Structures are given as structure tokens and as C-alpha cells.
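>
Residue numbers (UniProt numbering): 1 to 336.
(1) Determine, using beta-carbon pairs with one atom in the segment 316-333 and one in the segment 144-157, whether at least three such pairs fall under 8 Å.
(2) Between residue 298 and chain C, is there a C-beta pair that is closer than 8 Å?
(3) By a C-beta neighbour count over all protein chains shown, 10 Å radius and 16 as the cutoff for buried, is residue 321 buried or exposed?
(4) Say whether the segment 275-284 touches the segment 203-221, bearing in mind that this needs 3 or more beta-carbon pairs closer than 8 Å, one atom from each stretch.
(5) Out of 313, 5, 289, 227, which one is the CA nearest neighbour of residue 195?
(6) So, using beta-carbon positions, are residue 265 and residue 216 closer together than 8 Å?
(7) So which of 66, 307, 325 has the shortest CA-CA distance to residue 293?
(8) Assuming residue 82 and residue 21 make a contact with CB atoms under 8 Å, what is their CB distance in whole Å?
(9) Can you give the beta carbon distance from residue 122 to residue 133, rounded, assuming they're within the 8 Å contact cut?
(10) On the DSSP bridge list, what partners appear for residue 299?
(11) Apply the 10 Å Cβ neighbour rule to residue 110 and answer buried if 16 or more other Cβ atoms are within range, or exposed otherwise.
(12) So residue 36 is in the alpha helix (DSSP H); what residue range does that whole segment cover?
(13) Any idea if residue 153 is buried or exposed, counting beta-carbon neighbours within 10 angstroms, 16 or more meaning buried?
(14) How big is the Cα-Cα spacing for residue 15 and residue 205?
(15) Measuring CB to CB, does residue 26 end up less than 8 Å from residue 51?
(16) At the level of alpha carbons, what is the spacing between residue 313 and residue 178?
(17) Helix, strand or coil for residue 280 per DSSP?
(18) Starting from the N-terminal side, write out each stretch of the alpha helix (DSSP H) that is 4 residues or longer and does not extend beyond the segment 221-277.
(19) Do the segment 35-54 and the segment 63-78 make contact, defined as three or more Cβ pairs closer than 8 Å?
(20) Which two residues bound the contiguous alpha helix (DSSP H) that contains residue 167?
(21) Give the single residue among 34, 305, 57, 44 whose Cα lies nearest to the Cα of residue 311.
(22) Classify residue 115 as helix, strand or coil using the three-state DSSP reduction.
(23) Jot down the residue ranges of each uninterrupted alpha helix (DSSP H) in the segment 46-123, minimum 4 residues, whole runs only, in chain order.
(24) Classify residue 337 as buried or exposed, calling it buried when 16 or more other Cβ atoms lie within 10 Å of its own Cβ.
(25) Between residue 181 and residue 87, how many whole angstroms is the CB-CB distance? I'm expecting something under 8 Å.
(26) Closest to residue 209 by CA distance: which of 234, 250, 201, 200 is it?
(27) In its own chain, which residues sit with a C-beta less than 8 Å from the C-beta of residue 268, not counting the 5 before and 5 after it?
(28) Hey, would you say residue 104 sits closer than 8 Å to residue 190, going by beta carbons?
(29) Helix, strand or coil for residue 188 per DSSP?
(30) Give me, in chain order, the residues of the same chain whose beta-carbon lies closer than 7 Å to that of residue 129; leave out the 5 immediate sequence neighbours on both sides.
(31) What does the Cβ neighbour count give for residue 335, buried or exposed, with the cut at 16 atoms within 10 Å?
(32) Thinking C-beta only, is residue 197 closer than 8 Å to residue 126?
(33) The beta strand (DSSP E) with residue 286 in it runs from where to where?
(34) Does residue 263 pass the burial test, meaning 16 or more other C-beta atoms within 10 Å, or should it be called exposed?
(35) Take residue 90 and list the residues in its own chain whose beta-carbon comes closer than 7 Å to its own, dropping the five residues that flank it on each side.
Dropping the structure here:
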């Protein structure tokens, strides 16, 4: 049986009786590679996880769950060249703490691993100015669905043509390959960050003053928060006319995301009924908590992704580019 073969490669951590899935946590890149090679040879369906807390889409029916949590540690960082190289299973919060000690910063938040942060590619409050996680990836070492380890990118950003595999994998939810090691650009940590309460009508005024992000909440009433960051003298001067915002908390048993034209997040979610809607202005992304049915939203023309509490048709149709990459990196479709 393939489980016996698997135990010769790495330790089997758990066999989940309900789903029939086997969980392994390779302790090295070589073990990880050999696990994927074996899965490819035996046509075993694999789902790669980090902490397992941030799954997107319908429940996965995989034969084998492969955790990156055995690949932990910061390998290299540079204050002069502004990058950090880190193993994929490293908790994102541990990376943030380590960067903080060196006066460095990455302007995102994530509760899982660095690999999960990169694979999910979720925006954040500051995405108006700083973009998506994909924009901060400058290189990676990955394992494909064929069990081949590839290193792409570099320690510093470069302009080049062709597919940037490490960026194409960002947002693919582990279906093109698994990150083993990631190189991220970082920036000097700002002295101060201030969330300013503003009116929705004041969004462009706040942007003209240098806001790095605008978050719009609709929870009963509509409100907006402008995020200002930088030297303390600048921040304190620019926010004099604003009061500090309280950050609303949103939660729900169902969470969907609406993808829209950047800058039109507010207009394109005004007619959606939900307990709470959070939009990161300028990112093209809004999150819907306990809202209308996913299929009903799609019938209305919305581009919807089922993040939580979704059990079928949660993800959008695969693009032609994705299909090309899938056929090259995981031709036997073992990564799900």
C-alpha cells in the first residue's frame, strides 16, 4: 500500500478516519520533494497546508495532506538590500516580529504561515498603496506536482519577460506547486501608523494627503478609515483634523469575496445585503460576511469567491493562463 511507501520517506503524522486522508509533515525539502514524487507516481491526490486555518473554497477530498510546518526559519535578511528569505512553514507573525527587531516591515497581516500568505494573496488595509502579497514576492524555491524543485526569481526585483512562476503560484492556493522557501521585499518600518475616521465623501481628500490605504465598512452604517503612515512628525501633522478610528470587527459563518474594478468597490457592493461588508479601496476586493447566497450573487453578475461556509462551486473558473501553467507544473493533476 502507498502508505507503507510513504512511511519510508517521512513520518506519517495522522490518519484522519472520517475523510480517509493521511497527514504528513516533511522535515526537509528533500522529504517534501520525495513525498510529492511518490504521490505523482501513485496518482495520489495531494492538498498542501500550512496551519490549516485559512482554507478557501469547498472542503477538499484529498488522499494526502502535506504540511509545510516542518520547514521553519528565517534564512537570510538584508537591511541594505531590503529583502528577507524565509522557509514557507514559518509563522507569518514570527517573521513580522523578527523584521520588527531589525527595523523592517512588510505591510500585511496574516494568521498562518509565510507560504499560506503567499499562496492566498489576500489584500490588506494598506493595499491601495502597497498592492497585494504577490507584489512583494521577488523569488521562491518551490516543488511542482511532478516532484521537481525549482528556484525562480532573485534577491532583488528585476524586470524580465515571460512567466514569473513564483508570482503565478501566488493566489493559486497550492494547485500549481508548493512554496518551500520565499524571498520577500521589505521596507523600513514607519515610525507611526494612524487610522483616521473619515467620511466616505472624503476618500479622495485623504488620498491626496498621502493615505496608504482606505478601508470602507458597512455594518449597519457606512464608515471609512484612512490609514496614514510614516515619520511621526508627518503623521501627526496630517491627521490633526481627524479623530482616531475604532476598527469594526466582522465575523460570520459564511464569508465571500467580491472581485471588482479597482476603485469601484463601494459602488459595486452597495446593493448587496449582508451583516458586514469590508472593502479595501483601490484593491478591487470586498469581503462579505453572512450575506446573500453565492450563486444568487453570481446570477446578479458579481465575480464571487466562496472563502468560508461554501460547499460547491466556490472558486471561479480556471483561466487559460492557469490551465497552461497547470499542464506544465502539475500535468497529472495531483495537487488539489
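Ideal Cβ placement from N, Cα and C applies to all residues, glycine included. Only a predicted model underlies this, so the values are computations on that prediction, with no experimental measurement involved.
Let's see:
(1) Contact between the segment 316-333 and the segment 144-157 is present, with at least three C-beta pairs closer than 8 Å.
(2) Here there is only one protein chain, and chain C is not present.
(3) Here residue 321 is taken as the residue at index 321 of the chain shown, counted from 1. So residue 321 ends up on the exposed side.
(4) Short answer: they touch.
(5) Locating residue 195 in the chain shown gives position 195, counting from the first residue. Closest option to residue 195, Cα to Cα, is 227.
(6) In the chain shown, the residue the question calls residue 265 occupies position 265. In the chain shown, the residue the question calls residue 216 occupies position 216. In contact: residue 265 and residue 216 (Cβ atoms closer than 8 Å).
(7) Residue 293 sits at position 293 when you count from the first residue of the chain shown. Checking every option, the nearest Cα to that of residue 293 belongs to 307.
(8) Indexing the chain shown from 1 puts residue 82 at position 82. Indexing the chain shown from 1 puts residue 21 at position 21. 40 Å between Cβ atoms; not a contact.
(9) Stepping through the chain shown from its first residue, residue 122 is reached at position 122. Stepping through the chain shown from its first residue, residue 133 is reached at position 133. Between residue 133 and residue 122 the Cβ distance is about 7 Å, and since that is below 8 Å, they are a contact.
(10) As a first step, residue 299 must be located in the chain shown, where it is residue number 299. In the DSSP assignment, no residue is bridged to residue 299.
(11) Taking the chain shown and counting its residues from 1, one reaches residue 110 at position 110. Residue 110 should be labelled buried.
(12) Residue mapping note: residue 36 aligns to position 36 of the chain shown, counting from 1. Looking at the DSSP string, the run of the alpha helix (DSSP H) that includes residue 36 is 29-42.
(13) Counting from 1 along the chain shown, the entry for residue 153 is found at position 153. With a threshold of 16 other beta carbon atoms within 10 Å, residue 153 meets it and is buried.
(14) The residue given as residue 15 occupies position 15 in the chain shown. The residue given as residue 205 occupies position 205 in the chain shown. Answer to the nearest angstrom: the Cα atoms are 56 Å apart.
(15) Translated into the one-based positions of the chain shown, residue 26 becomes position 26. Translated into the one-based positions of the chain shown, residue 51 becomes position 51. Result no, Cβ atoms of residue 26 and residue 51 do not sit closer than 8 Å.
(16) Here residue 313 refers to the residue found at position 313 of the chain shown. Here residue 178 refers to the residue found at position 178 of the chain shown. Straight-line Cα distance between these residues: approximately 23 Å.
(17) As a first step, residue 280 is located in the chain shown; it is residue number 280 there, counting from the start. Reduced to three states, the DSSP call for residue 280 is strand.
(18) With a minimum length of 4 residues, the continuous alpha helix (DSSP H) runs that stay inside the segment 221-277 are 232-238.
(19) Taking 8 Å as the limit for Cβ pairs, the verdict is that the segment 63-78 does touch the segment 35-54.
(20) Counting from one through the chain shown, the residue named residue 167 turns up at place 167. Note, residue 167: alpha helix (DSSP H), 165-168.
(21) As a first step, residue 311 must be located in the chain shown, where it is residue number 311. Per the Cα distances, 57.
(22) As a first step, residue 115 is located in the chain shown; it is residue number 115 there, counting from the start. Residue state, collapsed to three classes: helix.
(23) List check, alpha helix (DSSP H) in window: 92-101, 114-120.
(24) In the structure displayed, the chain extends from 1 to 336; residue 337 sits before or after that span and is not available.
(25) Position 181 of the chain shown holds residue 181. Position 87 of the chain shown holds residue 87. Contact between residue 181 and residue 87 is confirmed by a C-beta separation of about 6 Å, below the 8 Å threshold.
(26) Here residue 209 is taken as the residue at index 209 of the chain shown, counted from 1. That would be 234, whose Cα lies nearest to the Cα of residue 209.
(27) Within the chain shown, residue 268 is the residue found at index 268, counting from 1. Same-chain partners within the cutoff: 258, 260, 261, 286, 302.
(28) Along the chain shown, read from residue 1 onward, the residue named residue 104 stands at position 104. Along the chain shown, read from residue 1 onward, the residue named residue 190 stands at position 190. Taking a C-beta distance under 8 Å as the contact criterion, residue 104 and residue 190 do not qualify as a contact pair.
(29) Mapped onto the chain shown, residue 188 falls at position 188. Residue 188: strand per DSSP, three-state reduction.
(30) Taking the chain shown and counting its residues from 1, one reaches residue 129 at position 129. Annotation for residue 129: 212, 213 place their beta carbon closer than 7 Å to its own, counting only its chain and skipping 5 residues before and after.
(31) Here residue 335 refers to the residue found at position 335 of the chain shown. Residue 335 should be labelled buried.
(32) Here residue 126 refers to the residue found at position 126 when the chain shown is read from its first residue. Here residue 197 refers to the residue found at position 197 when the chain shown is read from its first residue. Result no, Cβ atoms of residue 126 and residue 197 do not sit closer than 8 Å.
(33) As a working note, residue 286 is residue 286 in the chain shown. Its beta strand (DSSP E) spans residues 285-291.
(34) The sequence position of residue 263 within the chain shown is 263, counting from 1. With fewer than 16 other Cβ atoms within 10 Å, it is exposed.
(35) As a position in the chain shown, residue 90 is number 90, starting the count at 1. The answer, listed in chain order, is 72, 73, 74, 113, 114.
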